[in-house]
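Student:
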Amino acid sequence: AILLAVVTALAGRIWCGFFCFQTVWTDIYAWIEDKLEGAPQKRRKLDKASWNVNKIRIKLTKHLLWLVIGFLTGISFVAWFVDAFQLWADLMSFTLGSTAIISIALFTVGTYVLAGFLREQTCFWLCPYARIQAVMIDNTTVVPTYDFHRGEPRGRVKKGVSEEERTTGDCVDCSQCIAVCPTGVDIRHGQQEGCIMCALCIDACDSVMKKLGRPTGLIRYESLDALNGKENRPLLKRPRVWVYSIIMTAALLGIGYGMSTLDALEIKVIHSRQPLFVLQSDGSIQNKYTLKILNKMTGDIPAKISISGIDGAILVDADLVTTARHGKVTPRTVFVRVPKKLLKQETTPIIFHVEGQLGEELLKAQRESIFIGPRY
Ligand code: SF4
Ligand code: SF4
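Per the UniProt record's numbering, residue 1 is the first one in the sequence shown, and the count goes up by one each step.
Structural data, given as structure tokens:
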């Protein structure tokens, strides 16, 4: 989110226009639609036409291709979490697990619906980033902008009126910029929340201008200040850029520090609730715990468990070594006993230690929990 803030402050909503998966998938879906059904006017004509073999063929091909892309998206997503070769092997032999089937089905339908039918609605109503990014834009941000000084008053090309005689601006009100816009924005009404900065309107308008022999750039990358003749403040003189950059640098340093100090061995302690404690025949109090040992290394570690914090506390089977499996969480149930006379309160802090050796490296982790006894 902070990176998005910095990028938006520096270069506007380039995330939305060029990197967002919704934009990329919508572009692919729209490209297929365009190739099969033609330009928007032709598409509308096809939609209104009665059903015949040709219309069924075109529509069927389009929706099949959309579904295939959705399906491949689902497969790619699931392959992030499992062995990709095994996934394809399971798929081909129809032995996919239910989790993979449900995930692929959800992604197939999700991609098909979002990129095929809810294109601009996703940007307008579903995407939180669209709202975050929109408020980061101001008059100095360079975004696709309609040059209203040049374009207005807009008017269609009239036969018999030469370029020198015309009293209208450069905009010929052809609506091409609206037709190509994936979010249906009319950029001539100024910067809007729905504009995802894809620049398709710039290309569309430029090609209209070229056909008419007028200069391109009626819609272009420009800040509102520059359009109004004001000098654009250099990037480094904008407080917004500095504030966001400082926050991002601090966040990156924090992440870097966190990553570099990550423990290779971790332990979690869950105190058993049923029962909280058991009075033993020898008069000692026993508590039961489930330890979860996470080994982030690439090899198994023989882990030794010990306790501290309570004088006289005994870890039952303390000499047992648990093999902490690599890349996995290994559970282990342990019992701690404390002679009742040594307990001074209902709950006493206790620390669990886990220690193991992998090659030359000694790995350690610890976690505090509580030992529960009877009320005093
Ligand atoms: S594409 Fe250009 S000329 Fe056509 S309506 Fe849009 S701004 Fe005007
Ligand atoms: S207004 Fe232009 S830049 Fe903005 S989303 Fe529409 S086509 Fe893309």
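Virtual Cβ for every residue (Gly too), placed ideally from N, Cα, C.
This structure is a prediction, so every number in the text was calculated from the model and none was measured.
Quick one: is the Cβ of C195 within less than 7 Å of any heavy atom of ligand 2?
Tutor: Taking the first residue of the sequence shown as 1, we reach residue 195 at position 195. Indeed, a heavy atom of ligand 2 lies less than 7 Å from the Cβ.
Student: Answer with yes or no whether the minimum CB distance from E163 to chain B is below 8 Å.
Tutor: Here there is only one protein chain, and chain B is not present.
Student: Would you check if the distance between the CB atom of I350 and the CB atom of I310 is smaller than 8 Å?
Tutor: Walking along the sequence shown from the start, residue 350 turns up at place 350. Walking along the sequence shown from the start, residue 310 turns up at place 310. Their beta carbons are under 8 Å apart, which means I350 touches I310 by this criterion.
Student: Output yes or no for whether 8 Å exceeds the beta carbon distance between L218 and R150.
Tutor: Here residue 218 refers to the residue found at position 218 when the sequence shown is read from its first residue. Here residue 150 refers to the residue found at position 150 when the sequence shown is read from its first residue. Against a cut-off of 8 Å, the Cβ pair of R150 and L218 comes out as a contact.
Student: DSSP state of V336, grouped into three classes?
Tutor: The count along the sequence shown starts at 1 and reaches residue 336 at position 336. If DSSP states are grouped into helix, strand and coil, V336 belongs with the strands.
Student: So the candidates are Q366, F124, S260, H271; which of them puts its Cα closest to the Cα of S308?
Tutor: Residue numbering aside, residue 308 sits at position 308 when the sequence shown is read from its first letter. When each option's Cα is compared against that of S308, the closest is Q366.
Student: Once you ignore the five residues that flank V109 on each side, which residues in its own chain have a CB closer than 8 Å to its CB?
Tutor: Locating residue 109 in the sequence shown gives position 109, counting from the first residue. Correct list, in chain order: G70.
Student: To which residues of the same chain is K341 closer than 8 Å at the C-beta, ignoring the five residues directly before and after it?
Tutor: The residue you call residue 341 lines up with position 341 of the sequence shown. Correct list, in chain order: G283.
Student: Which whole runs of the alpha helix (DSSP H) in the stretch 216 to 271 are 4 residues long or more, in chain order?
Tutor: Segments of the alpha helix (DSSP H) lying fully in the stretch 216 to 271: 224 to 227, 239 to 260.
Student: Which ranges does the alpha helix (DSSP H) cover as unbroken runs of at least 4 residues, wholly within the stretch 69 to 106, from first to last along the chain?
Tutor: As far as the stretch 69 to 106 is concerned, its whole alpha helix (DSSP H) runs of at least 4 residues are 84 to 92.
Student: Which class does R273 belong to by DSSP, given the choice of helix, strand or coil?
Tutor: Walking along the sequence shown from the start, residue 273 turns up at place 273. Residue state, collapsed to three classes: coil.
Student: For ligand 2, any of its heavy atoms closer than 7 Å to the Cβ of A199?
Tutor: Your numbering for residue 199 matches position 199 in the sequence shown. Indeed, a heavy atom of ligand 2 lies less than 7 Å from the Cβ.
Student: Regarding V302 and ligand 2, is the C-beta to nearest heavy atom distance less than 7 Å?
Tutor: Locating residue 302 in the sequence shown gives position 302, counting from the first residue. A small correction: the amino acid at residue 302 is Pro; Val does not occupy that position in the sequence shown. No.
Student: May I have the straight-line CA-CA distance separating F107 from F21, to the nearest angstrom?
Tutor: The sequence position of residue 107 within the sequence shown is 107, counting from 1. The sequence position of residue 21 within the sequence shown is 21, counting from 1. F107 and F21: Cα-Cα distance of roughly 13 Å.
Student: Examine ligand 2 and report whether any of its heavy atoms sits within less than 7 Å of the Cβ of I267.
Tutor: For the purposes of this step, residue 267 is taken as the residue at position 267 of the sequence shown. For ligand 2, not one heavy atom lies less than 7 Å from the Cβ of I267.
Student: Quick test of your reading: A303 and A318, contact by CB under 8 Å. State the CB separation rounded to the nearest angstrom.
Tutor: Along the sequence shown, one-based indexing puts residue 303 at 303. Along the sequence shown, one-based indexing puts residue 318 at 318. With 8 Å as the limit, A303 and A318 do not qualify as a contact, their Cβ atoms being about 13 Å apart.
Student: Let me know the secondary structure DSSP gives E163 once reduced to three states.
Tutor: The residue given as residue 163 occupies position 163 in the sequence shown. Coil, per DSSP.
Student: Between the Cα of G356 and the Cα atoms of V338, V157, I267, which residue gives the shortest distance?
Tutor: Taking the first residue of the sequence shown as 1, we reach residue 356 at position 356. Nearest C-alpha to G356: I267.
Student: Alpha carbon to alpha carbon, how far is C205 from R145? Give it in angstroms, no decimals.
Tutor: Position 145 of the sequence shown, counted from the start, is the residue given in the question as residue 145. Position 205 of the sequence shown, counted from the start, is the residue given in the question as residue 205. One detail in the question is off: residue 145 reads as Thr in this sequence, not Arg. Whole-angstrom Cα-Cα distance: 12 Å.
Student: Would DSSP call Y29 helix, strand or coil?
Tutor: Walking along the sequence shown from the start, residue 29 turns up at place 29. In the structure shown, Y29 sits in a helix (DSSP, three-state: H, G or I).
Student: On the three-pair Cβ rule with 8 Å, is the stretch 275 to 293 touching the stretch 330 to 340?
Tutor: The stretch 275 to 293 is in contact with the stretch 330 to 340.
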